[in-house]
Amino acid sequence: MYLSYVLADIGYNLQEWNSVTLLLVLIGWASLVYRIYAEERLLSQHTEWPAYAVLSRYRLFPGLW
Numbered sequence: 002m003y004l005s006y007v008l009a010d011i012g013y014n015l016q017e018w019n020s021v022t023l024l025l026v027l028i029g030w031a032s033l034v035y036r037i038y039a040e041e042r043l044l045s046q047h048t049e050w051p052a053y054a055v056l057s058r059y060r061l062f063p064g065l066w
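34 is the number that our numbering gives to position 33 of the sequence shown; each next residue is one higher, with no gaps.
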């Protein structure tokens with residue numbers, strides 16, 4: 002789901018290329034990374050979280066992060 006946000010932002014920025022849209026996209030990506038960490042903090046309180054985290058190693062980009 003988060004990867005689709007990133008790809009949509011790239012597509013939009015290519016359509017409307019200027020410094021303002023680039024800045025907005027970068028701010029959006031920063032907030033997305035913050036949201037990922039916040040969700041992981043909340044989910045890590047559950048006992049099943051470590052087993053799930055091992056199975057799904059990547060947060061946003063498969064093979065990278």
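Note that CB positions come from ideal geometry on N, CA and C, so glycine has one too.
Residue state for Thr-22 is assigned as helix, using DSSP reduced to three classes. Around Glu-17, the same chain offers no residue with a beta carbon nearer than 6 Å, after the five sequence neighbours per side are excluded. Of all alpha-carbon atoms in Thr-48, Asp-10, Ser-5 and Ala-54, the one lying nearest the alpha-carbon of Leu-25 is that of Asp-10. Taking each of Leu-33, Leu-44 and Thr-22 in turn and checking the Cα distance to Tyr-6, the smallest one comes out for Leu-33.
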